[in-house]
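Residue numbers (this note's numbering): 10 to 334.
In what follows, a structure is listed as structure tokens, so that the remarks can point back to it.
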Ligand SMILES: Nc1ncnc2c1ncn2[C@@H]1O[C@H](COP(=O)(O)OP(=O)(O)O)[C@@H](O)[C@H]1O
Ligand SMILES: [Mg+2]
């Protein structure tokens, strides 16, 4: 791993800018991807995630700014860097008439993998749960199967760092869980660093150790997942009781509420800033006094959802509904 072991970041961009014509797509991006663990690159469609990834891989030339991977300048050491990187593109192009095994073997050869390529290819296909299709032609695969083959080729040369651009969009929920387990295993047991872009928030939340949120080409939040959880402040809560309509009317006069809504057996309340504690006390008093059965009291959003909403400057539920999926 040469001098890189001393460096904290596997990727570091400085002032990265990309224009397509006059359109600014990535704007002064200072992105630091820590070494080890899974980094989630989260952002709505069109935020500039794939463009950033392609620049990190040297597939697109930045308009300006610098990129270091493994502590080395991309411009000067592209070949050396890319040998140690795996990549799953957003829409992986497979060689349709090739058999899956031959495609993986071909990719292994491109990456100069040595030894028994057939054995290694079968192993990685098996690892990603697609061994049964090894002798099918690529064109016969379903979208989810293609994605697994795409994952297998990204890891076939045992790279230290792997970039996966929206790796699970075509997988069913069980497939996603299986792939997540595998990725976690690669990080824990083989010390890989994995960079995943996604617009699917719960996926990132469940999987990642670090997070960067991109909005309109700008990094609007970044840090460890633990730090987001530690700093989360809840202002919206869901309350479920046995008599919601009655509680709704009991809560309405409280002075520390901004918004109150009753729907489908639950109450959603938004509390004024810094008055959460006071509100909880009053709620508890009402519940005890009027003998409600409290079935649930929980934040409306998880810490990462909250970070995402705040980072994108979404203030109302209506704004939220208008965000691209
Ligand atoms: N080759 C290109 N030429 C012109 N515009 C592009 C090109 N590639 C991407 N874009 C535009 O750049 C923006 C960001 O795209 P992209 O990086 O693919 O976003 P994301 O991956 O976050 O969905 C979008 O508005 C997209 O239309
Ligand atoms: Mg994309």
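We put the CB at the ideal spot given by N, CA and C, even for glycine.
Since the model is a prediction, treat every value here as computed from it, not as a measurement.
DSSP beta-bridge partners of residue i
i           : result
residue 18  : 43
residue 269 : 278
residue 96  : 172
residue 48  : 204, 219
residue 108 : 146
residue 35  : 27
residue 303 : 250
residue 308 : 246
residue 76  : 22
residue 81  : 78
Contact under 8 Å by Cβ, residue i with residue j
i           : j           : result
residue 285 : residue 244 : yes
residue 291 : residue 250 : no
residue 3   : residue 134 : The structure shown does not extend to residue 3, since the chain spans only 10 to 334, so no value can be given for it.
residue 226 : residue 35  : yes
residue 40  : residue 221 : yes
residue 216 : residue 74  : no
residue 305 : residue 247 : yes
residue 267 : residue 260 : no
residue 167 : residue 46  : no
residue 145 : residue 193 : no
residue 174 : residue 99  : yes
residue 97  : residue 211 : no
residue 201 : residue 169 : yes
residue 335 : residue 195 : Examination of residue 335 is not possible in this model, given that the chain is present from 10 through 334 alone.
residue 223 : residue 57  : yes
residue 113 : residue 165 : yes
residue 312 : residue 241 : yes
residue 228 : residue 38  : yes
residue 22  : residue 90  : no
residue 2   : residue 155 : As shown, the chain starts at 10 and ends at 334. That puts residue 2 outside it, with no answer to give.
residue 51  : residue 60  : no
residue 263 : residue 288 : yes
residue 9   : residue 94  : Residue 9 lies beyond the range of the chain shown here (10 to 334); nothing can be said about it.
residue 126 : residue 143 : no
residue 316 : residue 237 : yes
residue 71  : residue 27  : yes
Chain B contact for residue i (CB, 8 Å cutoff)
i          : result
residue 92 : Absence of chain B from the displayed structure is noted, only one protein chain being present.
Every unbroken alpha helix (DSSP H) inside the region 121-194 [4 residues or more] | 126-136, 152-164
Would you mind listing the beta strand (DSSP E) stretches within the region 216-259 that are 3+ residues and don't spill past its ends, in chain order?
-> 219-224, 227-233, 245-250
Do three or more CB pairs link the region 255-275 to the region 198-206 at distances below 8 Å?
-> no
Chain-ordered residues, beta carbon under 5 Å from a heavy atom of ligand 1 | 29, 34, 54, 55, 56, 57, 58, 59, 60
Are three or more beta carbon pairs between the region 63-75 and the region 248-266 nearer than 8 Å?
-> no
Could you tell me whether the region 142-151 touches the region 98-106, using the rule of 3 or more Cβ pairs below 8 Å?
-> yes
Quick one: any contact between the region 177-190 and the region 112-130, if contact means 3 or more CB pairs under 8 Å?
-> no
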